[in-house]
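Below: the structure, in structure tokens.
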Amino acid sequence: MNSSLIKPQTLKGFRDYLPEAMRSREHLMEVARRVYRSYGFAPIDTPALEYSEILLGKGGDESDKQLFRFTDQGDRDVAMRFDLTVPLARFTAQHLSELGTPFKRYHIGTVWRAEKPQKGRYREFVQCDFDTIGTTANTSDIETLFVIHDLMEQLGFERFTLRVNHRALLNGVLEQAGLADKSAGVLRALDKLPKIGRQSVAEEMTASVGTTADQAETVLRLAELSGSPQELLDQAGQLVQGNETGQLGVSRLNELLAACRKAELPSERIQIDLSIARGLDYYTGTVYETFLNDLPGIGSVCSGGRYDNLAGLFTQQKLPGVGASLGLDRLLAAMEELGLFETVPSGVPVFIPLFDKNHVADYLAVARRLRAAGFGVEVFPDDRALGKQLKYADRKGFTLALIAGDQEFSSGQWQIKHLATSTQETVADADLVATLKRLLA
RNA sequence: GUGGCUGUAGCUCAGGAGUUAGAGCGCCGGUCUGUGGCACCGGAGGUCGCGGGUGCGAAGCCCGUCAGCCACCCCA
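Each number in the numbering used here corresponds to the 1-based position in the first sequence with 573 added.
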């Protein structure tokens, strides 16, 4: 044995994708692209590697710690992007004059975070972001919700819930409770409500954040309002009566609900959830999270929100925006767990077994002819028993097998075998393309 | 970054200090040399994650390391 062999292995949190998984990934990306484009979002890309100063300090200490950061061969301090939003901030600051507003872009790209991997959490994963930059209009907030909804639906999900909240509403409550200066801590605690329960949240607020028990109670009451989205919002509106900030949030959410009704989004998929606060500090308006009803434990698969000033660190120009990010790999992990991997066929419908090795050139030639007519065709390369070849074809999901030996070649015919049913028909070579068109339509 | 659990054939796992490490499924071959999925028969495939230590002896015990999973943290 050879001890100098290198052990094939991947880094922690980094993965290979086999054809089945990769086909599903590509499918998801295609769907995302289609949905984004249908709303007028334009594609962009940015480098995987940025100057560290571009990325540092944008998501708080946490994201700094998760940065893959190193010195390049030219002694530059560089880091790999950990999301697509910060690169977007740099991008818009740099290219604003060429873009014009509102600027709607989508960006599907790999990002890297050096955190401890778990199920649905990797060190390398793909995000599918879309944002609308340069407008404060609630129209864009509403459209963002529509995009998320359509995206999930087009991806083939039926049982999902979009939870929506508005930071202004929360801030209004906090102002009234005299907690404006403690909002970050309070909201972070509040975000955990579904996970750790009201008791623990109240404890965290009083113990770590420093609120009074009454203040914690006020905030929790808001988060625990129940009823239909509209009822919930009406109650919240009463809680922040007379508070301008809070009322702004309420009226924006009211518009959003009205728009959802008018657009006839299934109402059970939209929830006003006042406990959704988002850990990230930079959201200032509407916030969104998307959960799979059948797998809530995996967390949000598509999250986002409105921010006042995307690129304040890069340009004087104030750039408000709203957008969200689909976690492709997390979604894929969820689909795998739910057994939702589509049994996508090989993508190539026609299989030509190497039935008679003296006719290899004939097989290759007809395959090429059929591809020119628009069919996907694969020729088996090895001279193996026909049964084995058909087994391979079956496993790989072909629809038809084209079989021919001396008999067929001498009479100018092909056997077309339907792999799913084992039935077979004979077709003249001249009619081959027309027949395949009919069978594969 | 902190804590816990796990790592034995391609997959799911059993075993557990003492001769050549097992099962099911899968894979390959044969029965079936112009036609797959079934059945029967046969076969290949493992330095028991990797490295070190203790032992007469380690896959098993100890330490380290790598990887996976779970909780915290955070998040897609």
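Note that beta-carbon positions come from the ideal geometry of N, C-alpha and C, so glycine has one too. All values reported here derive from a predicted model rather than from experimental measurement.
Query: Can you find the residues in the same chain that come closer than 8 angstroms, C-beta to C-beta, to Ala-906, ignoring five residues on each side of it along the sequence?; Result: Lys-692, Gly-693 and Ile-871
Query: Would you mind working out which of Gln-890, Leu-899, Lys-835 and Tyr-880 sits nearest Glu-862, comparing C-alpha positions?; Result: Leu-899
Query: Residue ranges of each alpha helix (DSSP H) run of no fewer than 4 residues wholly in the segment 836 to 911, ordered along the chain?; Result: 901 to 910
Query: Which residues in the same chain have their Cβ closer than 7 angstroms to the Cβ of Asp-902, if we skip the five residues on either side of it in sequence?; Result: Tyr-695, Phe-698 and Val-699
Query: So for Val-823, helix, strand or coil by DSSP?; Result: helix
Query: Scan the segment 670 to 704 and note each continuous beta strand (DSSP E) run of 3 residues or more that stays entirely inside, going in chain order.; Result: 676 to 685
Query: What is the DSSP secondary structure of Ser-576, counted as helix, strand or coil?; Result: Residue confidence is low: Ser-576 scores 43 on pLDDT, short of 50, so the model does not pin down where it sits. Its coordinate-derived value is still stated next. If DSSP states are grouped into helix, strand and coil, Ser-576 belongs with coil.
Query: Could you name the residues of the same chain whose beta carbon sits closer than 6 angstroms to that of Ser-1079, not counting the 5 residues immediately before and after it, in chain order?; Result: The question about residue 1079 has no answer, for the chain in this structure spans 574 to 1014.
Query: Just to confirm before moving on: does the CB-CB distance between Leu-628 and Val-608 stay below 8 angstroms?; Result: no
Query: Output the distance between the C-alpha atoms of Cys-833 and Ala-1001, rounded to the nearest integer angstrom.; Result: 57 angstroms
Query: If I measure Cβ to Cβ from Pro-922 and keep anything under 7 angstroms in the same chain, skipping five residues before and after, which residues do I get?; Result: Phe-948, Gly-949, Phe-971, Thr-972, Leu-973 and Leu-1013
Query: Have a look at Gln-808 and Gly-630 and give me their C-alpha separation to the nearest angstrom.; Result: 38 angstroms
Query: Between which two residues does the beta strand (DSSP E) carrying Leu-735 extend?; Result: 733 to 739
Query: Helix, strand or coil, according to DSSP, for Gln-788 in the structure here?; Result: helix
Query: What are the start and end residues of each continuous beta strand (DSSP E) run of 3 or more residues lying completely inside the segment 934 to 971, in chain order?; Result: 950 to 952
Query: Can you tell me where the beta strand (DSSP E) with Tyr-624 in it begins and where it stops?; Result: 622 to 624
Query: I need the DSSP call for Arg-654, collapsed to helix, strand or coil.; Result: coil
Query: For Leu-591, count neighbouring C-beta atoms within 10 Å of its own C-beta (all shown protein chains included) and say buried if the count is 16 or more, exposed if not.; Result: exposed
Query: Have a look at Ser-773 and Thr-708 and give me their C-alpha separation to the nearest angstrom.; Result: 39 angstroms
Query: Could you compute how far the alpha carbon of Ile-989 sits from the alpha carbon of Phe-924?; Result: 10 angstroms
Query: Could you pull out every residue in the same chain whose Cβ sits closer than 8 angstroms to the Cβ of Thr-779, ignoring the five residues on either side in sequence?; Result: Thr-785, Ala-786 and Ala-789
Query: With Gln-646 as the anchor, note down where its alpha helix (DSSP H) starts and where it stops.; Result: It is not in any alpha helix (DSSP H) - Gln-646 carries neither H nor E in the DSSP assignment.
Query: If you scan the segment 707 to 768 from start to end, which runs of the beta strand (DSSP E) of 3 or more residues do you find wholly inside it?; Result: 733 to 739
Query: Residues in its own chain within less than 7 angstroms of Gly-673 by CB, not counting five upstream and five downstream?; Result: none
Query: Determine the closest residue to His-991 out of Asp-1004, Glu-981 and Ala-966, with distance taken between C-alpha atoms.; Result: Ala-966
Query: Ordered along the chain, which non-local residues of its own chain (more than five positions away) have a Cβ less than 8 angstroms from that of Arg-663?; Result: Thr-619, Glu-623, Ile-627, Ala-884 and Phe-887
Query: Using only the alpha-carbon positions, how far apart do Asn-575 and Glu-688 sit?; Result: The predicted model places Asn-575 with a pLDDT of 38, which falls under 50 and marks its position as unreliable; any figure quoted below should be read in that light. One C-alpha to the other measures close to 35 angstroms.
Query: Verify whether the separation of the beta carbon atoms of Arg-740 and Tyr-855 is less than 8 angstroms.; Result: no
Query: Between the alpha carbons of Asp-867 and Ala-710, how many angstroms are there, rounded?; Result: 34 angstroms
Query: Over what stretch of residues does the alpha helix (DSSP H) that includes Lys-1010 continue unbroken?; Result: 1005 to 1013
Query: Since Leu-975 is in the alpha helix (DSSP H), which residue starts that stretch and which ends it?; Result: It is not in any alpha helix (DSSP H) - Leu-975 instead sits in the beta strand (DSSP E) that spans 973 to 976.
Query: How would you write the range of the alpha helix (DSSP H) that Glu-599 sits in, first residue to last?; Result: 592 to 611
Query: Report the three-state DSSP secondary structure of Lys-631 (helix, strand or coil).; Result: coil
Query: Tell me the rounded alpha-carbon separation between Leu-742 and Gly-822.; Result: 4 angstroms
Query: Taking the continuous beta strand (DSSP E) assigned at Gln-986, which residues delimit it?; Result: 986 to 991
Query: By a C-beta neighbour count over all protein chains shown, 10 Å radius and 16 as the cutoff for buried, is Arg-610 buried or exposed?; Result: exposed
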